[in-house]
Every structure is written in C-alpha cells, then in structure tokens.
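S.K.: Sharing a structure, written as structure tokens. Questions coming.
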Amino acid sequence: MSQTPFTAVTADDLKWTASGTGSETQTFYFNTDGGAAGFFQLAWANVGIITTVEVNAAFSNGTTPIFQTFNGGKITLSKDRLSASCKGLTIKNSLSSNPTGSPQVATVEVVLDGGSDLQGHLSFQLTNEGYKVGDAGCFYMGNQSPLDGPAAGQTNNYIKHVYLPAAAVQGSIKVKGGQSFDMTGRGMFIHAHSDMKPYTVSQRWNFAYFVGEDVGLNMLQFITTDKHGKVRVNKGALTLGDRVAAVTHESHVDASQFQRDPETGYEIAQHVEYIWEGRTLDDDKPFTAQIKVRPTRLIVKLNILRQVPYLLRKIIEALITKPYIYEWFDEATATITIDGQTREVAGRMFHEVTLLD
Numbered sequence: 001m002s003q004t005p006f007t008a009v010t011a012d013d014l015k016w017t018a019s020g021t022g023s024e025t026q027t028f029y030f031n032t033d034g035g036a037a038g039f040f041q042l043a044w045a046n047v048g049i050i051t052t053v054e055v056n057a058a059f060s061n062g063t064t065p066i067f068q069t070f071n072g073g074k075i076t077l078s079k080d081r082l083s084a085s086c087k088g089l090t091i092k093n094s095l096s097s098n099p100t101g102s103p104q105v106a107t108v109e110v111v112l113d114g115g116s117d118l119q120g121h122l123s124f125q126l127t128n129e130g131y132k133v134g135d136a137g138c139f140y141m142g143n144q145s146p147l148d149g150p151a152a153g154q155t156n157n158y159i160k161h162v163y164l165p166a167a168a169v170q171g172s173i174k175v176k177g178g179q180s181f182d183m184t185g186r187g188m189f190i191h192a193h194s195d196m197k198p199y200t201v202s203q204r205w206n207f208a209y210f211v212g213e214d215v216g217l218n219m220l221q222f223i224t225t226d227k228h229g230k231v232r233v234n235k236g237a238l239t240l241g242d243r244v245a246a247v248t249h250e251s252h253v254d255a256s257q258f259q260r261d262p263e264t265g266y267e268i269a270q271h272v273e274y275i276w277e278g279r280t281l282d283d284d285k286p287f288t289a290q291i292k293v294r295p296t297r298l299i300v301k302l303n304i305l306r307q308v309p310y311l312l313r314k315i316i317e318a319l320i321t322k323p324y325i326y327e328w329f330d331e332a333t334a335t336i337t338i339d340g341q342t343r344e345v346a347g348r349m350f351h352e353v354t355l356l357d
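Per the UniProt record's numbering, residue 1 is the first one in the sequence shown, and the count goes up by one each step.
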C-alpha cells in the first residue's frame with residue numbers, strides 16, 4: 001500500500017505519453033460566473049492497429065446545449081511533451097518555458113478553432129498543486145484499492161488520473177450564429193492515461209464537477225470489467241477557495257429510480273446522490289459532502305461508436321454493442337460537514353455517466 005495516499009501533481013505528471021497501446025486525454029472543465037459549463041478535450045488512443053486523435057467540446061448555459069466532436073488528425077507534442085496540438089485544438093502549458101516550476105504557478109492556454117458549432121479560447125490559471133491518489137495517481141487492474149501499488153513481479157495494467165481543480169478561468173466562447181460568452185469563472189484540468197484499450201477498462205463511469213460560492217467538489221467513479229473483478233474505484237476532492245481542502249478515495253455514487261431510455265435501451269437513474277467522505281488535509285478533521293440531483297438539463301446523449309473511424313468502430317462493436325455517454329448541467333445544492341459544522345451551498349453541477357454494455 002502507498003505510504004502517502006495523496007500527493008501533489010508535478011510537471012512530469014502533465015507530460016503527454018501518446019505512445020504504445022492505450023489511451024490518453026487532457027480535459028479542461030469550466031463552470032463560469034455567468035452560469036455556463038462544459039469542457040474542451042483532446043483525446044488520443046491506440047488500439048494496436050489504428051491510432052485516433054479526437055477533439056471533444058461541450059457547452060451549456062442552461063438553454064443552449066452544444067456538443068461537438070471531430071477528428072484531430074495527428075497529435076504534435078512540444079519537445080518537453082507538456083504542450084500539444086492537433087487540427088482544431090491547441091494546448092499550451094506555460095511550464096514548457098519553466099520546466100522546473102510548480103503546476104501551482106502555471107497557466108494553460110486552450111484554443112479551440114476547428115469546429116463549426118463551438119469555438120473558443122480559454123486560459124486556465126492553476127492556483128494549487130493539485131492531487132493524485134495512490135501510487136503516482138495509478139489504479140492497477142486486479143487490485144481492490146487505488147492506494148495499492150503494482151503487484152511484485154507482475155506487469156499490471158493501469159489507469160492514471162491527475163487533477164488540478166479550482167483553476168481561475170478566463171476567455172470567451174463563440175457558438176454557431178455568432179453569439180459570444182464570457183468564460184470568467186472556475187475550472188479543473190484532468191490528465192488521464194491508461195496502457196489499456198479504452199473500452200477494456202470499465203463498464204460504467206460517473207463524473208461530477210460542482211461549483212458554488214467558494215466551494216468546489218469533484219468526483220470520478222468507475223467500475224472495472226468482469227475480467228478485472230468489477231472493482232469500484234472512486235477518487236474525489238473538496239476545494240475551498242483556491243486550495244485543495246480534502247481528497248478522498250472512499251466516496252461513492254448512489255443511483256436510483258431508474259427509467260428505461262427507449263432510444264438506447266439503458267436504464268437511466270432519475271435520482272443520483274454523490275457522497276464524499278474523508279478527512280481534511282491541513283488538520284485531519286472528518287468531512288462529508290452530499291449532493292442529490294435529478295438529471296434534468298441534458299447537454300448530450302452520445303453514441304460513442306458514431307464518433308470513431310470505421311475500422312475502430314468494427315473492433316469495438318465486436319466487444320461492446322452500445323456505448324453511450326449522457327451529460328447534464330443542473331442546479332444543485334451541496335451539504336458539507338467539516339468536524340461537525342454543516343453548511344449548505346447552492347451551485348451548478350456538470351455530471352455525466354458513461355455506459356459500456
């Protein structure tokens with residue numbers, strides 16, 4: 001077991017690998033002062049016989065949900081592998097000019113200019129050192145906890161996540177028709193990497209990103225495939241202002257009141273409860289947080305197979321019949337208790353579920 005459950009993110013954690021079999025993403029989530037939310041994402045994947053580069057972007061201001069995805073062609077990396085670009089998207093990390101610096105003082109510029117429905121320029125000023133859970137942020141397949149390191153003498157497949165929450169965001173987004181939106185607000189940068197084919201990691205993913213007043217909450221949960229024991233892995237954090245106040249690996253998602261979606265055949269929860277449990281980093285006080293939400297304002301319901309090249313689609317279809325992503329942006333209230341003191345915070349939450357049957 002890792003001696004240090006949670007550690008800060010380093011510049012090395014943010015370097016692109018983009019080689020071998022596996023998948024890798026950098027995702028930039030935003031939640032603005034004006035009531036909008038969404039993300040820009042660069043996704044790279046290699047399934048052994050084909051390599052894909054995809055650009056994904058989502059935006060919603062409560063009334064105008066937009067999702068777009070397109071082929072980015074080929075990924076180009078800076079010499080230090082901290083910055084990346086492809087057709088339609090550029091990510092420039094200021095650590096490229098200061099490689100010994102801390103991510104806490106870095107700025108990441110993200111320019112999306114390749115889509116017809118959504119374009120924008122976002123600046124993420126990182127305000128803390130971020131966090132990763134377990135051994136270098138990795139969960140090793142076959143283990144029961146993200147705190148467990150690789151088994152001795154074995155080559156364990158892994159999936160790695162590093163998180164930089166509570167970033168200060170500036171910039172603008174322009175949607176089809178010419179309307180522009182100010183992106184001033186808060187955001188989160190997640191770098192994920194796995195040495196596995198993306199469709200072999202998990203059967204179900206849940207993700208939530210809440211912002212309200214000075215509070216931020218984020219959670220990622222996935223359940224590994226039958227082959228890897230159907231282990232539930234959960235990572236999350238509480239931010240207060242600019243700082244990471246608590247990091248957890250024992251939180252969970254409860255879903256109930258399922259209704260069948262006739263379009264996809266999936267049973268979709270009409271009530272979802274996100275529960276964080278852990279201890280604060282500075283003073284080791286117990287904390288819990290709870291958000292109950294009814295998924296209402298749908299941004300996108302996406303058939304993943306429609307977005308990938310033909311050959312890759314045929315490979316995935318042989319293993320997965322109907323992979324779908326549902327994404328929502330809803331009003332929500334977080335109930336947060338730290339050392340017996342409780343407060344309720346109203347805010348907005350981007351949340352999603354990915355289903356791989």
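All residues carry an ideal CB built from backbone N, CA and C; glycine is no exception.
Using the Cα positions of E267 and V300, report the straight-line distance between them to the nearest angstrom.
M.R.: Going by the C-alpha atoms only, they are around 16 angstroms apart.
S.K.: If you drop the 5 nearest sequence neighbours on each side, which residues of the same chain put their C-beta closer than 8 angstroms to that of G134?
M.R.: The answer, listed in chain order, is S2, P5, S145, P146, L147, D148, G149, H249.
S.K.: Exposed or buried, what is S202 when buried is set at 16 or more other beta-carbons lying within 10 Å of its beta-carbon?
M.R.: With 16 or more other Cβ atoms within 10 Å, it is buried.
S.K.: Nearest CA to the CA of N71: which residue from F59, A84, W44?
M.R.: Cα-wise, what sits closest to N71 is W44.
S.K.: What beta strand (DSSP E) runs, 3 residues minimum, are completely inside the UniProt domain "Svf1-like C-terminal" (196-355)?
M.R.: Fully enclosed beta strand (DSSP E) runs of 3 or longer: 202-212, 215-224, 232-240, 243-248, 252-260, 267-279, 286-293, 298-303, 324-338, 341-355.
S.K.: On a CA-only basis, which of G347, E327, C138, S172 is nearest N157? Give me that one, please.
M.R.: When only C-alpha atoms are compared, the closest one is C138.
S.K.: For K92, write down the residues that DSSP places opposite it in a beta bridge.
M.R.: Paired residue(s): E109.
S.K.: Please list the terminal residues of the continuous beta strand (DSSP E) segment that includes Y29.
M.R.: Unbroken beta strand (DSSP E) run through Y29: 22-32.
S.K.: Excluding the 5 residues flanking S94 on each side, which residues of the same chain have their C-beta closer than 6 angstroms to its C-beta?
M.R.: Closer than 6 angstroms at Cβ, skipping near neighbours: A106, T107.
S.K.: According to DSSP, is A136 helix, strand or coil?
M.R.: The answer is helix: DSSP assigns A136 an H, G or I state.
S.K.: Excluding the 5 residues flanking R294 on each side, which residues of the same chain have their C-beta closer than 7 angstroms to its C-beta?
M.R.: The answer, listed in chain order, is Q270, H271.
S.K.: Since N128 contacts Q104 with CB under 8 angstroms, what's their CB separation in whole angstroms?
M.R.: Right, their Cβ atoms sit about 6 angstroms apart.
S.K.: Quick check: what's the CA-CA separation for Y274 versus R297?
M.R.: Roughly 17 angstroms separates the two Cα atoms.
S.K.: Which residues does DSSP pair with Q41 in a beta bridge?
M.R.: Its beta-bridge partners are T27, N56.
S.K.: Just verifying my parser: in three-state terms, what is the DSSP assignment at D80?
M.R.: Residue state, collapsed to three classes: coil.
S.K.: Output needed for R232: all residues of its chain with C-beta closer than 6 angstroms, excluding positions within five of it in sequence on either side, in chain order.
M.R.: The residues are I223.
S.K.: Taking Cβ to Cβ, would you say residue 438 is nearer than 8 angstroms to T32?
M.R.: This structure cannot speak to residue 438, because the chain is shown only from 1 to 357.
S.K.: Indicate whether the contact test is met: 3 or more Cβ pairs, each with one atom in the segment 278-287 and one in the segment 338-347, closer than 8 angstroms.
M.R.: Short answer: they touch.
S.K.: The beta strand (DSSP E) spanning P165 covers which residue range?
M.R.: It spans 158-175 - the beta strand (DSSP E) in which P165 sits, taken as one unbroken run.
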